[in-house]
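Numbering (my numbering), first residue to last: 1 to 636. We put the CB at the ideal spot given by N, CA and C, even for glycine. Only one structure is covered here, and it is reproduced in the block below.
Set out below in structure tokens:
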């Protein structure tokens with residue numbers, strides 16, 4: 001099995017040798033700007049492809065070390081698989097080493113390697129041991145506490161082979177990226193190429209992309225076509241999660257790309273201006289965070305000013321964590337379990353970070369136990385999030401869950417199967433609903449049918465079209481049918497064609513009603529195939545509109561009358577005579593409307609309604625101006 005591509009990030013204080021180390025490993029100069037090369041420090045993100053001895057492809061992200069460019073470091077570090085924490089042995093741990101380490105911890109970067117650089121300048125082995133001991137003390141209690149340590153010199157090449165071997169070993173232990181999920185590519189660079197147009201680059205977090213794909217730029221929500229795909233600087237037929245990708249996008253002016261935009265599968269993601277989160281304030285933060293304090297928020301390549309609404313307290317002390325709702329001054333794309341960093345508004349320094357719980361919540365009221373419990377439930381895992389999302393909206397399709405979670409369809413389906421088995425949700429056709437809503441809808445249907453029986457005692461049941469309006473509009477036609485089938489299987493309700501009734505209900509007409517029933521049936525039976533339209537037929541009797549409607553409904557339910565369309569109805573005997581023609585003289589031949597009219601002895605309008613009725617039932621098949629028999633019913 002081939003291993004997925006690997007994204008490696010660097011972190012460390014300014015001028016500790018990150019860029020030179022990458023150049024020694026890859027033979028690529030990541031400082032592209034004249035100012036970077038002149039000043040000898042990285043300002044923008046740099047990238048270099050790197051193939052490991054096993055043949056596995058890797059990309060190294062060179063992030064700036066200087067405090068002034070920490071926002072660029074944050075834009076590049078979020079999508080990495082492992083980090084190289086670079087420490088100059090002549091200086092040891094420095095302020096930006098600590099801030100980078102805090103950021104790595106808050107972002108939950110999975111694995112890392114400590115790299116001591118400029119080891120050729122060390123006085124002796126004892127000095128290197130001392131520096132490593134100091135670094136280990138600084139890393140105590142962090143995810144790098146037990147990380148391997150490599151001693152290298154980019155200048156002389158000392159230790160580089162050992163570092164490459166260590167990277168390979170650590171990389172083998174990393175979990176694979178989510179290739180099943182929707183495309184999500186945060187843009188960290190964009191530029192124009194003469195003759196080609198706009199090119200964007202980034203680390204593909206999930207999904208895959210091929211030339212010709214239609215993708216969406218968010219924000220603002222513009223649909224674009226992928227003209228070309230490159231992976232680590234080379235043309236590719238496809239790109240998958242975990243790869244450094246460049247996309248040439250047709251018709252895109254780079255001036256329309258806002259900072260922090262993403263490229264995504266169309267229709268899946270929505271920019272948000274608020275999200276719920278678990279926020280942790282660093283123990284080293286200079287002061288407590290108060291309700292609605294402004295902060296600089298960094299999520300992926302996006303940054304925004306956010307107001308922190310503490311939901312269960314008035315202030316968050318250093319070292320504490322809390323449930324919050326963060327309100328943003330500009331829209332960005334966030335998904336559940338995304339990690340983010342907050343920096344103090346002024347002066348800017350990293351003070352904390354957290355994880356998104358709900359990327360599209362309603363606005364919460366503070367100090368509400370039910371709100372806090374719901375957020376804790378959402379924190380507990382993907383399955384809980386799906387269940388709460390379904391319960392919130394009542395009924396959803398798979399695509400809506402993909403939009404809400406950013407997960408792939410296979411992963412969501414696995415959770416849905418478990419939730420159905422647990423009895424928490426119900427599958428209704430092409431949708432899923434929470435079990436409580438389904439029970440409520442079933443009670444509504446039963447109650448409404450019971451009311452219909454009381455209001456229209458002659459009608460065999462309530463029309464399905466009217467009953468459909470009782471339920472939420474979000475319930476699809478397939479979902480409605482599945483809900484009805486659940487009631488049929490439990491023998492609570494029964495179906496009579498387009499009517500729904502209680503299983504034990506039988507219309508019981510009183511003498512006056514029976515007299516009207518007999519009169520209307522006699523009228524249609526005597527008219528036979530020469531019956532006129534409904535209005536003209538009923539005008540021959542002195543009946544109120546309501547009495548006529550109830551009586552017709554009764555006869556339709558008892559199948560003494562057959563409705564062909566809204567205007568035309570036949571008595572069952574005349575309808576049987578028409579079916580007999582299909583089974584007899586027209587069984588094996590093509591026939592026109594005129595031929596059938598002449599054989600039946602009815603009007604053109606009635607025969608047209610009758611044949612269209614047969615077409616809808618698939619008894620006949622129309623071929624231009626003629627028809628043939630398709631599949632006739634068995635029985636009379």
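- In the DSSP annotation of this structure, the continuous segment of the alpha helix (DSSP H) that includes residue 376 starts and ends at 369–379.
- Approximately 4 Å separates the beta-carbon atoms of residue 391 and residue 434; this is inside 8 Å, confirming the contact.
- Distance from the CA of residue 576 to the CA of residue 212, rounded to the nearest whole angstrom, comes to 58 Å.
- Between the region 258–269 and the region 181–190 there are three or more C-beta pairs closer than 8 Å, enough to call the two in contact.
- Counting only the Cα atoms, residue 487 lies some 6 Å from residue 493.
- For residue 360, the closest of 21, 340, 294 and 271 by C-alpha to C-alpha distance is 271.
- Residue environment: residue 621 is assigned as exposed (fewer than 16 neighbouring CB atoms within 10 Å of its CB, all protein chains considered).
- DSSP places residue 229 in the uninterrupted beta strand (DSSP E) bounded by 222–231.
- Residue 245 has 202 and 231 as its beta-bridge partners, per DSSP.
- The alpha-carbon separation between residue 606 and residue 463 amounts to approximately 24 Å.
- In this structure, DSSP gives residue 332 an extended state, which the three-state scheme calls strand.
- Put simply, the region 553–560 does not touch the region 594–612. Fewer than three CB pairs are less than 8 Å apart.
- Of the candidates 480, 299 and 169, 299 places its Cα closest to the Cα of residue 103.
- Residue 531 carries a coil assignment under DSSP once its states are collapsed to helix, strand and coil.
- Taking a C-beta distance under 9 Å as the contact criterion, residue 93 and residue 134 qualify as a contact pair.
- A distance below 6 Å between beta-carbons, with the five flanking residues on each side excluded, links residue 461 to the following residues of its chain, in chain order: 496, 499, 500 and 501.
- Here the C-alpha atom of residue 470 lies approximately 7 Å from the C-alpha atom of residue 445.
- Rounded to whole angstroms, the separation of the alpha carbons of residue 114 and residue 144 is 8 Å.
- Rounded to the nearest whole angstrom, the C-alpha separation of residue 425 and residue 419 is 6 Å.
- Around residue 80, the same chain offers 7, 8, 9, 61 and 109 as residues with beta carbons nearer than 7 Å, after the five sequence neighbours per side are excluded.
- Taking a contact as a CB-CB distance under 8 Å, the pair residue 275 and residue 236 does not count as one, their CB atoms being some 33 Å apart.
- Nearest to residue 363 by alpha-carbon distance, out of 308, 381 and 595, is 308.
- In the structure shown, residue 144 falls within a coil segment according to DSSP collapsed to helix, strand and coil.
- Counting along the chain, residue 300 sits inside no alpha helix (DSSP H), nor does DSSP assign it H or E at all.
- Nearest Cα to residue 251 within the set 476, 210 and 197: 197.
- The C-alpha of residue 380 is placed about 23 Å away from the C-alpha of residue 282.
- Excluding sequence positions up to five before and after residue 327, its CB lies within less than 6 Å of the CB of 274 and 307, all in the same chain and listed in chain order.
- Looking only at 240, 570 and 542, the smallest Cα-Cα distance to residue 534 is reached by 570.
- Residue 192 is bridged by DSSP to 198.
- Under the three-state reduction of DSSP output, residue 491 falls in the coil class, being neither helix nor strand.
- Of the candidates 163, 146 and 287, 163 places its Cα closest to the Cα of residue 153.
- Apart from sequence neighbours up to five positions away, the residues of its chain that approach residue 374 with a beta-carbon distance below 7 Å are 388, ordered along the chain.
- With contacts defined by Cβ atoms closer than 9 Å, residue 401 and residue 412 form a contacting pair.
- Residues of the same chain with a CB within less than 6 Å of the CB of residue 474, apart from the 5 flanking positions on each side, are 395 in chain order.
- Here residue 443 carries a helix assignment [DSSP, helix/strand/coil].
- Contact fails between the region 575–595 and the region 534–549, because fewer than three Cβ pairs, one in each stretch, are under 8 Å apart.
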